[in-house]
Amino acid sequence: MTQFINMLQWEGILLLRYKLVQVSVLVTALYIGLFQVLKLLGNSELFAMLLTLNDPALIGMLFVAVTILFERESGSLNAVFVSPLRLHAYLSAKLLSLALLGTICGWAMTVALLGTGIQHFGFLIACFLITWLFGCLGIILVAPMRRFVDFLLPMAGILMLMIVPLLDWFGIATIPGKWLFPMEHGLQLLAWSMNFKVQSFPWLSLGLLIAACIASYFWGYTRFVNDKTRRK
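Counting in our numbering, the sequence shown runs from -17 upward without gaps.
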């Protein structure tokens, strides 16, 4: 536990050192400004869901890659492979710090967009899990990579694939298998917390989103271990 707390503190230092906290605040402010334009088109809740989904997703996926690549370049990653427990502590501390950052930014943005009438507890859970999931996806992608430029195209592809259910929500296209997409369950939680369309708490979506977070975490862990083994 002490090892995990120390790593969590270190992740907070990295976020400040690389100015990722400041970037998050700036992006959140830009999204709030963008919403003022988008809401003129109507469908305020849908656009709020889109921006709220995008903000934690980018914080999770992009920032996890940035910090890992910086640490890999500096050589500090070698120490985390001393034991499986140390690697678990490293990955979980990184994901927790980013999930907390994404949750705070997502909540602040949504309150600024829609006011304080949202279901706060459900919203915080949704933002936390969405950021955690995209952080895990970022780990899966970046595990074998050494350059940030190599990460960008796969990241764009994953982001586009994960938001496919939004096409159905906006009425652009019918997505028959949208329940197979983890983000559909994130959207269900966001919609309920914003008092939009979903009337009762989506327990099934919550369970499936948690399952997706757990599965993607262990996938990312395995990718890290396999990459280290392959390069020995």
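Virtual Cβ for every residue (Gly too), placed ideally from N, Cα, C.
Note that this is a predicted model, so its numbers are computed, not measured.
Would you report the Cα separation of residue i and residue j, rounded to the nearest angstrom?
| i | j | result |
| --- | --- | --- |
| VAL7 | CYS87 | 7 Å |
| TYR72 | GLY24 | 43 Å |
| GLY57 | ILE140 | 28 Å |
| LEU190 | GLN170 | 11 Å |
| GLY153 | PRO184 | 21 Å |
| PHE178 | ALA47 | 33 Å |
| THR204 | PHE133 | 18 Å |
| LEU33 | ILE(-13) | 31 Å |
| ASN36 | GLU53 | 25 Å |
| LEU20 | TYR199 | 34 Å |
| TRP(-8) | THR49 | 11 Å |
| LEU172 | GLN(-15) | 34 Å |
What did DSSP end up calling residue i once you bin it into helix, strand or coil?
| i | result |
| --- | --- |
| GLN230 | Given a span of -17 to 214 for the chain in the structure shown, any question on residue 230 remains unanswerable. |
| ALA227 | Residue 227 lies beyond the range of the chain shown here (-17 to 214); nothing can be said about it. |
| ALA138 | helix |
| PRO38 | helix |
| ARG205 | helix |
| GLY57 | coil |
| VAL146 | coil |
| TYR0 | coil |
| ALA197 | helix |
| ALA125 | coil |
| ASN(-12) | helix |
| GLY117 | helix |
Within its chain, find whatever has a CB closer than 7 Å to the CB of residue i; leave out the 5 residues flanking it on each side and keep chain order.
| i | result |
| --- | --- |
| LEU143 | none |
| LEU119 | MET43, ILE140 and SER198 |
| PHE110 | ALA81 and THR85 |
Hey, residue i and residue j are a contact pair by Cβ (cut 8 Å); roughly how many whole angstroms apart?
| i | j | result |
| --- | --- | --- |
| ALA75 | LEU(-3) | Between LEU(-3) and ALA75 the Cβ distance is about 11 Å, and since that is not below 8 Å, they are no contact. |
| PRO147 | MET165 | 6 Å |
| MET137 | LEU51 | Not confirmed; about 12 Å, so no contact. |
| TRP167 | SER187 | The sequence shown places His at residue 167, rather than the Trp named in the question. With 8 Å as the limit, HIS167 and SER187 qualify as a contact, their Cβ atoms being about 4 Å apart. |
In chain order, what residues of the same chain have a beta carbon less than 8 Å from the beta carbon of residue i, not counting five sequence neighbours either side?
| i | result |
| --- | --- |
| ILE100 | THR92, VAL93, SER175, MET176 and ASN177 |
| LEU96 | SER26, GLU27, ALA30 and MET176 |
Apart from the five residues just before and just after residue i, which ones in its own chain have a Cβ nearer than 6 Å to its Cβ?
| i | result |
| --- | --- |
| PHE206 | ALA125 |
| VAL3 | LEU(-3) |
At what residue ranges does the region 148 to 190 contain a whole run of the alpha helix (DSSP H), taking only runs of 4 or more? 164 to 175
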